[in-house]
Every structure is written in C-alpha cells, then in structure tokens.
Amino acid sequence: MFSRKIFVIIIILLLAAGVSITTIRCYDDDKDARVTIHLERNDLAAMGIQPQKHIIDRVLEFFSTRAEATTVPEWFDIRTDLTLTVTSTSFDDMTFTLPANAQTFTVNIPSGSETTFTVTSQTDWLNPINNIQKNWGGQYTTKLGPGDMKISITMIPMTYIITVDPPSTVTIDWAVYSISTVVPVSSYKIYRSTTIDGNYSLVSTTTSDTYTDPYSGTRYYYRISCVTARGEGVMSDPKTW
Numbered sequence: 042m043f044s045r046k047i048f049v050i051i052i053i054l055l056l057a058a059g060v061s062i063t064t065i066r067c068y069d070d071d072k073d074a075r076v077t078i079h080l081e082r083n084d085l086a087a088m089g090i091q092p093q094k095h096i097i098d099r100v101l102e103f104f105s106t107r108a109e110a111t112t113v114p115e116w117f118d119i120r121t122d123l124t125l126t127v128t129s130t131s132f133d134d135m136t137f138t139l140p141a142n143a144q145t146f147t148v149n150i151p152s153g154s155e156t157t158f159t160v161t162s163q164t165d166w167l168n169p170i171n172n173i174q175k176n177w178g179g180q181y182t183t184k185l186g187p188g189d190m191k192i193s194i195t196m197i198p199m200t201y202i203i204t205v206d207p208p209s210t211v212t213i214d215w216a217v218y219s220i221s222t223v224v225p226v227s228s229y230k231i232y233r234s235t236t237i238d239g240n241y242s243l244v245s246t247t248t249s250d251t252y253t254d255p256y257s258g259t260r261y262y263y264r265i266s267c268v269t270a271r272g273e274g275v276m277s278d279p280k281t282w
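Numbering-wise, the sequence shown is residues 42 to 282 according to our numbering.
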C-alpha cells in the first residue's frame with residue numbers, strides 16, 4: 042500500500058512538472074512580442090472548404106447520422122501552404138510557412154517599431170506548370186509592444202500582372218483567380234515605382250482589367266491590388282517591361 046502511494050505521488054509530481062514546463066514562456070516578454078494571428082479564410086470559403094472543427098464537434102459528428110452533401114471535387118482543391126512575411130525597420134524580414142488549412146498562427150518576434158504582417162497563398166490553377174502565382178492575401182500593420190498581442194487578417198483575392206507592353210503607351214494586363222463570388226472584386230488599384238523595391242504610388246483606380254499609362258520615358262515597375270467590400274488586398278508582385 043505504501044509503495045502504491047509513493048507511485049501516485051510521483052505521478053502527480055511528474056504531471057505538475059509537465060504543466061509548469063508547458064506554461065513557461067519561450068520568449069523574453071520584456072523585449073519580444075508573441076503575436077497570435079487569426080485568419081479570416083475567405084480563400085477556403087471560396088473553394089467550399091469548411092474551417093477546421095474542434096475535437097468535440099468531430100466526436101459529435103462521428104455519433105450522428107451522416108447526411109449527403111455536395112463536396113468540392115478533389116482536383117479543384119488548390120490549397121497550398123501559406124507564407125507569412127514579417128517586415129519592420131527594426132529587424133530583418135522574417136518568413137514563416139503556415140499549414141494550408143491554418144486558422145491561427147503564433148509567432149515570436151522582436152517588439153519595437155511599426156511592423157507589417159503579410160499572409161499570402163499561391164496556386165498554379167488554370168496556369169501552365171511552373172507558373173505559380175499568388176492568389177489570396179492579407180496584411181496588418183501595427184506598432185508592437187512587448188508581451189502577448191492578437192491580430193486579425195482577412196484573406197482577399199490577389200491579382201497578378203500578365204504583361205506590361207510599352208513603348209508609346211504602357212498597357213498593363215492582369216488577371217484574378219476567380220473561383221467564387223464569396224469575395225467579389227469591385228475595382229483595382231494600380232501602383233508604380235521607379236525601382237522594384239521602392240515606394241509605390243497610387244496612379245489609378247479602375248474596374249477594368251487593363252490600364253494604359255502614358256509613356257513619359259521613365260521605366261516604371263507596376264503592382265496591382267484588388268478592392269473588395271472587405272477592404273483592399275495585398276499588392277501583386279511587381280512587373281515591368
């Protein structure tokens with residue numbers, strides 16, 4: 042009996058130690074920020090993919106009667122892992138990979154100056170092989186302080202520039218992966234810069250999928266963003282002629 046009590050005490054101590062280990066912060070909360078990102082996954086909704094269910098919901102489903110439902114064909118599932126890019130003037134850019142179905146993600150980064158979180162996904166759907174383009178994205182900019190912080194990022198359709206044709210005028214063509222009307226695009230914003238990594242200035246807003254920029258002899262790099270009822274999305278990758 043005595044040995045059994047000792048065994049129980051040892052088990053309790055081990056469990057207590059495990060709890061204490063898991064609750065220890067793995068970052069310096071006086072200097073670092075632990076940011077939890079909640080994603081509004083409109084890209085999954087556009088493909089008819091439901092958010093991941095909690096374990097209790099899965100258990101209840103297991104014991105309930107199955108119902109027939111319309112599902113998205115397997116070939117139509119174009120999910121890829123998401124890319125999270127964290128940019129700031131106080132530290133070098135940081136890049137993380139999020140699982141394709143991620144709804145939340147927690148990242149530890151240095152606190153301090155204004156920081157931008159950019160989440161994008163990509164696909165080669167309806168495109169030649171090896172012509173992978175970004176198709177959904179969202180951004181959030183804030184000034185980080187030390188400790189825990191929660192932010193929300195809405196995934197909005199992204200466009201990609203097909204061609205930029207000079208010389209007398211610069212005609213830009215672009216396209217959007219439109220697989221649903223979950224987040225319809227109402228207009229597009231055209232930005233340009235004299236350098237690929239420079240500051241991009243807004244030059245036009247249009248409902249068309251082409252834009253003609255009068256050629257002034259200056260070589261520009263262009264980026265396009267989609268505007269929806271949920272806001273403006275992430276700008277496309279830059280392109281010039």
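Virtual Cβ for every residue (Gly too), placed ideally from N, Cα, C.
Please read these numbers as outputs of a predicted model, since none were measured by experiment.
With a 10 Å radius around the Cβ and a threshold of 16 neighbouring Cβ atoms, Ala270 comes out exposed. Counting of Cβ neighbours within 10 angstroms places Thr247 among the exposed residues, the total staying below 16.
Just so you know, the alpha carbons of Asn240 and Tyr263 end up roughly 11 Å apart. A distance below 8 Å between beta-carbons, with the five flanking residues on each side excluded, links Thr182 to the following residues of its chain, in chain order: Glu155, Thr156, Thr157, Phe158.
As a beta-bridge residue in DSSP terms, Val217 pairs with Thr200. In the three-state reduction of the DSSP assignment, Asn83 falls in the helix class. Its Cα nearest to that of Ser266, the residue Ser245 stands out among Thr235, Ser245, Phe137. The shortest CA-to-CA distance from Lys72 to any of Gly179, Ile202, Asn149, Asp134 is the one to Asn149.
Per DSSP, reduced to three states, the secondary structure at Arg75 is strand. Rounded to the nearest angstrom, the Cβ distance from Tyr252 to Ile213 is 5 Å, consistent with a contact under 8 Å. In this structure, Asp189 places its C-beta atom within 9 Å of the C-beta atom of Thr77.
Gly179 counts as buried, since at least 16 other C-beta atoms from the protein chains shown sit within 10 angstroms of its C-beta.
In the structure shown, Gln163 falls within a strand segment according to DSSP collapsed to helix, strand and coil. Counting along the chain, Val148 sits inside the beta strand (DSSP E) bounded by residues 145-151. In the three-state reduction of the DSSP assignment, Tyr229 falls in the strand class. Each of Trp282, Asp206, Thr145, Leu243 was checked against the Cα of Glu273, and the nearest Cα belongs to Leu243. Taking every protein chain shown into account, the CB of Thr235 has fewer than 16 other CB atoms within 10 angstroms, so this residue is exposed. If you look at Ser242, you'll find it in the beta strand (DSSP E) that goes 242-247. Counting of Cβ neighbours within 10 angstroms places Ile231 among the buried residues, the total reaching 16 or more. Pairing Trp215 with Asp250 gives a Cβ-Cβ distance under 9 Å. In this structure, Ser162 lies away from Asp278, with their beta-carbon atoms at least 9 Å apart. Each residue's CA atom was taken as its position, placing Pro187 and Pro207 some 49 Å apart.
Lys280 and Val217 do not touch by the CB rule: their CB atoms are close to 15 Å apart, not below 8 Å.
Around the Cβ of Thr130, a 10 Å sphere holds fewer than 16 other Cβ atoms; the residue is exposed.
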